[in-house]
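Q: Going line by line, the protein sequences match chains S and A.
Note that numbering that gives the first Met the number 0 numbers the first sequence so that position 222 is 221, with each residue one more than the last.
Note that numbering that gives the first Met the number 0 numbers the second sequence so that position 100 is 99, with each residue one more than the last.
Ideal Cβ placement from N, Cα and C applies to all residues, glycine included.
2 protein chains.
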Amino acid sequence: MKTPVLDFKDCGTCPIRHRAVCARCEPDELSQLDAFKYYRSYEAGQPIIWSGDRMDFVASVVTGVASLSQGMEDGRTQMVGLLLPSDFMGRPGRELAPYDVTAVSNLTLCCFRRKPFEKMMADTPHVGQRLLEMTLDELDAAREWMVVLGRKNAREKIASMLAIIARREASLNLVPTANEFELPLTREAMADYLGLTLETVSRQMSALKRDGIIQLAGKRRIIVPDFDRLQSETGDDMDGGMVA
Amino acid sequence: MKTPVLDFKDCGTCPIRHRAVCARCEPDELSQLDAFKYYRSYEAGQPIIWSGDRMDFVASVVTGVASLSQGMEDGRTQMVGLLLPSDFMGRPGRELAPYDVTAVSNLTLCCFRRKPFEKMMADTPHVGQRLLEMTLDELDAAREWMVVLGRKNAREKIASMLAIIARREASLNLVPTANEFELPLTREAMADYLGLTLETVSRQMSALKRDGIIQLAGKRRIIVPDFDRLQSETGDDMDGGMVA
DNA sequence: CGATGCATTGAAACTTTTCAACATGGGTGG
DNA sequence: CCACCCATGTTGAAAAGTTTCAATGCATCG
Chain S
0 MKTPVLDFKD CGTCPIRHRA VCARCEPDEL SQLDAFKYYR SYEAGQPIIW
50 SGDRMDFVAS VVTGVASLSQ GMEDGRTQMV GLLLPSDFMG RPGRELAPYD
100 VTAVSNLTLC CFRRKPFEKM MADTPHVGQR LLEMTLDELD AAREWMVVLG
150 RKNAREKIAS MLAIIARREA SLNLVPTANE FELPLTREAM ADYLGLTLET
200 VSRQMSALKR DGIIQLAGKR RIIVPDFDRL QSETGDDMDG GMVA
Chain A
0 MKTPVLDFKD CGTCPIRHRA VCARCEPDEL SQLDAFKYYR SYEAGQPIIW
50 SGDRMDFVAS VVTGVASLSQ GMEDGRTQMV GLLLPSDFMG RPGRELAPYD
100 VTAVSNLTLC CFRRKPFEKM MADTPHVGQR LLEMTLDELD AAREWMVVLG
150 RKNAREKIAS MLAIIARREA SLNLVPTANE FELPLTREAM ADYLGLTLET
200 VSRQMSALKR DGIIQLAGKR RIIVPDFDRL QSETGDDMDG GMVA
């Protein structure tokens, strides 16, 4: 498999230009960023960072999906974040990575050397402001996920995950809901995301298929004939559910 | 019961002065804040905000404990945040509250009217910078909690909660670990925090007591004879566990 | 074509929940 | 002042849901 070599010399053609941490940068600020940015690509499954590693960069996900996960020493693993295009990785001011970061699918990052990025944040308030907005959104997402982990049963967990991925997929493509999409996770990754075993994930996927909530085309492509029906399996409030 | 009337005219005597969102404000900025701040107190158990309410203020917790929780319409509830002194409540730019907020213990808030606070954030970058730091810390805490919810068993969950509360208690009092502290939560609140039923919480508390990991003085006061022993019940790595 | 990695399915074991009864302990009103 | 009451907490036993262990299926890759 050949890793595609990216060559976005120009932020103007960047697919995440309007949603990433640089969303509100002016042309001169983009060229400032350009001075200390570089792209890196990873193949599906490759590790990007191990917990405890020194991290000299922060980055935006340009294409693909990455996971943040935390391991317990006896081997149990919990995914604590799923980074989709435009999401931000790393923390300004932090030397050591607190989580394992893995490329879930083929992935391209737009990396910024950490020190100059921190300097830019100090000098250019709206970069920090944008990062604050994004961090608050991530905190909301993390809290929504806490409800899934703490209070939903296995079927509701699976349905919730599918609904969330479908919605995010749709929002990237600027359509209301995606009724067909590629599931970027293995069964094991889903299990780590949902706090289940991979067998339970497999069983519940089969059950949702058997009940006609979803169809599978191959192992990874999901078809949702009726999004409301999927939504009603999540256990969430039908309408008011989403945060304002 | 009489609600104590607070009268911190002066930020100089404020117990959270050095940790809250205003930590890095200069005297002139504090007097700016003073123009649109006010204190409110609540008794243990009182609701502060219901999900969906209009929220015209943001606030710092001065004393006491508040909870953020999300309900599912069938009655299941998951606590998604526990706000201790110096923690920030509300989101600049957001009109409607996404969670129920409840005073867990007697509570005093230092409230700022939202609009002027937003203006101040725009004009005074370091307020936003401080809020970004605090939000990133909260995100870390939320992710740590996701591991607890997703991968730990009931005993580990209880031990984790006790260890975390003991540590936060200690850090407020500037001592390394608190080996005796007041547990501010009812069994039901603990259950909502941990994604368990209150019966399971009760059983595991009894088990930890039976095994000598903790002692109970009354219903709420917890004594931890050996903090390492408690820590070893959490399932976490002994030392490297804490994020850098 | 056999090996390897991922996924599915079954049955037994285990953990947590559910339902129900009982305990405790402060407060209130007789 | 005491009895009773209500909220909170504890404990037991059966039921339910999830995990564990084990076998099998299916596709891809060398």
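In three-state DSSP terms, what is residue 157 of chain S?
A: Helix, per DSSP.
Q: Give, in chain order, every unbroken run of the alpha helix (DSSP H) that is at least 4 residues long and sits entirely within the segment 117 to 149 of chain S.
A: Listed in chain order, nothing qualifies, since the segment 117 to 149 of chain S has no complete alpha helix (DSSP H) run of 4 or more residues.
Q: With three or more C-beta pairs closer than 8 Å as the rule, is the segment 167 to 181 of chain A touching the segment 206 to 223 of chain A?
A: Touching, yes.
Q: In this structure, what does DSSP give as the bridge partners for residue 52 of chain S?
A: Paired residue(s): none; residue 52 of chain S is not in a bridge.
Q: Among the candidates S:84, S:194, S:217, whose CA atom is the shortest distance from the CA of residue 257 of chain S?
A: Examination of residue 257 of chain S is not possible in this model, given that chain S is present from 0 through 243 alone.
Q: Measure the beta-carbon distance from residue 56 of chain S to residue 16 of chain S and round it to whole angstroms, keeping in mind my assumption that it falls under 8 Å.
A: Between residue 16 of chain S and residue 56 of chain S the Cβ distance is about 19 Å, and since that is not below 8 Å, they are no contact.
Q: In the structure shown, what three-state DSSP assignment does residue 218 of chain S receive?
A: Note: residue 218 of chain S maps to coil in three-state DSSP.
Q: Pick helix, strand or coil for residue 192 of chain A, following the three-state DSSP scheme.
A: Of the three classes helix, strand and coil, the one that applies to residue 192 of chain A here is helix, per DSSP.
Q: Would DSSP call residue 72 of chain A helix, strand or coil?
A: Coil at residue 72 of chain A, not helix or strand.
Q: Give me, in chain order, the residues of the same chain whose beta-carbon lies closer than 7 Å to that of residue 195 of chain A; leave out the 5 immediate sequence neighbours on both sides.
A: Result list for residue 195 of chain A: 153, 156, in chain order.
Q: Of the choices A:66, A:148, A:12, A:21, whose alpha-carbon is the least far from that of residue 46 of chain A?
A: Here the closest residue by C-alpha is A:66.
Q: Using a Cβ-Cβ cut-off of 8 Å, state whether residue 64 of chain S counts as contacting chain A.
A: No, because no Cβ of chain A sits closer than 8 Å to the Cβ of residue 64 of chain S.
Q: With C-beta atoms as the reference, is residue 275 of chain S less than 8 Å away from residue 43 of chain S?
A: Summary: the structure shown does not reach residue 275 of chain S, with chain S confined to residues 0 through 243, and so no result is reported for it.
Q: Am I right that residue 77 of chain S and residue 129 of chain A are in contact with their C-beta atoms under 8 Å? What's the rounded C-beta distance?
A: Contact doesn't hold; Cβ gap of about 29 Å is too wide.
Q: Quick one: what's residue 58 of chain A bridged to in DSSP?
A: Answer by DSSP bridge pairing, in chain order: A:88, A:110.
Q: Have a look at residue 182 of chain A and residue 158 of chain A and give me their C-alpha separation to the nearest angstrom.
A: Distance between the alpha carbons of residue 182 of chain A and residue 158 of chain A is about 13 Å.
Q: Looking only at DSSP bridge pairs, what is residue 82 of chain S linked to?
A: Looking at the DSSP assignment, residue 82 of chain S forms a beta bridge with S:65.
Q: With three or more C-beta pairs closer than 8 Å as the rule, is the segment 130 to 143 of chain S touching the segment 124 to 139 of chain A?
A: The segment 124 to 139 of chain A is in contact with the segment 130 to 143 of chain S.
Q: List the residues of chain S whose Cβ lies closer than 9 Å to the Cβ of residue 128 of chain A, in chain order.
A: Chain S residues near residue 128 of chain A: 120, 121, 124, 127, 131.
Q: Where residue 12 of chain S and residue 82 of chain S are concerned, what is the direct C-alpha to C-alpha distance, given to the nearest angstrom?
A: Cα to Cα, the separation comes out at about 21 Å.
Q: Does the beta carbon of residue 189 of chain S sit closer than 8 Å to a beta carbon anywhere in chain A?
A: For residue 189 of chain S, the answer is no, since every Cβ of chain A falls outside 8 Å of its Cβ.
Q: Taking Cβ positions, are residue 206 of chain A and residue 141 of chain S nearer each other than 8 Å?
A: In this structure, residue 141 of chain S does not lie closer than 8 Å to residue 206 of chain A by Cβ.
Q: Mapping the DSSP letters down to three states, classify residue 32 of chain A as helix, strand or coil.
A: In this structure, residue 32 of chain A counts as helix in the three-state DSSP scheme.
Q: Do we get a CB-CB distance below 8 Å when we pair residue 141 of chain A with the residues of chain S?
A: It does; some Cβ of chain S falls within 8 Å.
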